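Encoded as structure tokens, the structure appears first; notes follow it.
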Amino acid sequence: MFYPKRVPKFIDALFPQCLWRKADDALYLTVDDSPSPHTPELLEILARYHVKATFFLIGKHIERYPDYAKAIVQQGHRIGNHSYSHTRNLHETFFRDEVIRTEQLLSTLCASCTARQSLFRFPYGRFNFVSLRILKELNLTPVMWSLLTADFDASVSAEAVLNLLRSATAGDIVVMHDNEKSIQKLRAVLPIALGELSRRFSFNLL
Ligand SMILES: [Zn+2]
Numbered sequence: 053m054f055y056p057k058r059v060p061k062f063i064d065a066l067f068p069q070c071l072w073r074k075a076d077d078a079l080y081l082t083v084d085d086s087p088s089p090h091t092p093e094l095l096e097i098l099a100r101y102h103v104k105a106t107f108f109l110i111g112k113h114i115e116r117y118p119d120y121a122k123a124i125v126q127q128g129h130r131i132g133n134h135s136y137s138h139t140r141n142l143h144e145t146f147f148r149d150e151v152i153r154t155e156q157l158l159s160t161l162c163a164s165c166t167a168r169q170s171l172f173r174f175p176y177g178r179f180n181f182v183s184l185r186i187l188k189e190l191n192l193t194p195v196m197w198s199l200l201t202a203d204f205d206a207s208v209s210a211e212a213v214l215n216l217l218r219s220a221t222a223g224d225i226v227v228m229h230d231n232e233k234s235i236q237k238l239r240a241v242l243p244i245a246l247g248e249l250s251r252r253f254s255f256n257l258l
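Every letter in the sequence shown is one number past the one before it in our numbering, and letter 29, counting from 1, is 81.
Below you can see the structure in the form of structure tokens.
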């Protein structure tokens with residue numbers, strides 16, 4: 053499967069409704085598919101380098117691993133919505149329900165704290181004009197990315213993931229994953245990448 057790891061800038065102009073990158077000098081780390089049994093390990097690595105990230109949580113995972121979801125908030129990270137069941141289905145009624153159900157779960161984690169922002173990330177980055185309209189109605193910002201680490205891709209080596217992380221530039225929104233496919237690579241390369249990148253950038257929250 054082909055997908056761009058570095059999203060070209062013209063895409064931003066094609067879909068200006070979505071946030072693709074920021075215009076400042078910081079880096080914006082994002083973690084998708086949380087919580088999972090690997091969340092504590094990712095939180096530990098981030099804490100070691102004093103880095104905060106924005107986590108996009110899957111609703112059914114919040115129900116399954118509520119303590120790990122709470123730990124993300126307690127450790128000062130930001131949380132956004134990554135749908136309830138993480139499917140490719142964008143049918144209007146289904147999609148709206150997926151978003152609202154997860155907004156409700158996020159509000160139980162963080163009723164009035166600043167960790168919760170009105171952010172949504174599409175599963176698999178798939179969207180259409182109907183789903184964009186629904187997010188607008190619900191006052192949620194669709195957050196895409198400018199740099200995809202490909203940590204989930206079995207055909208991409210840990211070294212290649214490290215090199216993608218090293219290629220980060222100012223304002224990049226970087227995607228990593230909190231799942232079974234990614235953890236082995238992140239365990240190996242994320243500490244190295246954070247050590248290097250924290251000398252070049254500050255890390256901001258979305
Ligand atoms: Zn995802």
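We put the CB at the ideal spot given by N, CA and C, even for glycine.
As the structure is a computational prediction, the values presented were derived from the model and not from experiment.
**Close-in-space but distant-in-sequence residues of the same chain around Pro194 (CB under 6 Å, 5 per side omitted)** = Excluding the 5 residues flanking it on each side, Pro194 has same chain C-beta neighbours closer than 6 Å at Cys70, Phe172 and Leu187, in chain order.
**Message:** One question on the structure: do Arg16 and Asp224 come within less than 7 Å of each other, judged by their Cβ atoms?
**Reply:** Outside the shown range of the chain, which is 53 to 258, sits residue 16, and nothing can be said about it.
**Request:** Output the residues surrounding ligand 1, defined as those with a CB atom closer than 6 Å to any ligand heavy atom, in chain order.
**Result:** Spelled out in chain order, the answer is Asp84, Asp85, His134, His138 and Pro175.
**Residue from Leu214, Leu199, Trp197 and Arg148 whose Cα sits closest to the Cα of Leu184** = The residue with the shortest Cα to Cα distance from Leu184 is Arg148.
**Prompt:** If you run the structure through DSSP and keep just helix, strand and coil, what is Arg140?
**Reply:** It is coil, neither helix nor strand.
**Message:** Pairs of beta-carbons, one from the region 158-175 and one from the region 203-221, closer than 8 Å: are there three or more?
**Reply:** Contact fails: fewer than three Cβ-Cβ distances are below 8 Å.
**Message:** Would Ser234 and Val59 be called neighbours here (beta carbons separated by less than 7 Å)?
**Reply:** No, the Cβ-Cβ distance between Ser234 and Val59 is not below 7 Å.
**Request:** State the beta-bridge partners of Ile110 as determined by DSSP.
**Result:** DSSP lists no bridge partner for Ile110.
**Prompt:** Roughly how many whole angstroms lie between the Cα atoms of Ser86 and Tyr117?
**Reply:** The straight-line gap from Cα to Cα measures roughly 9 Å.
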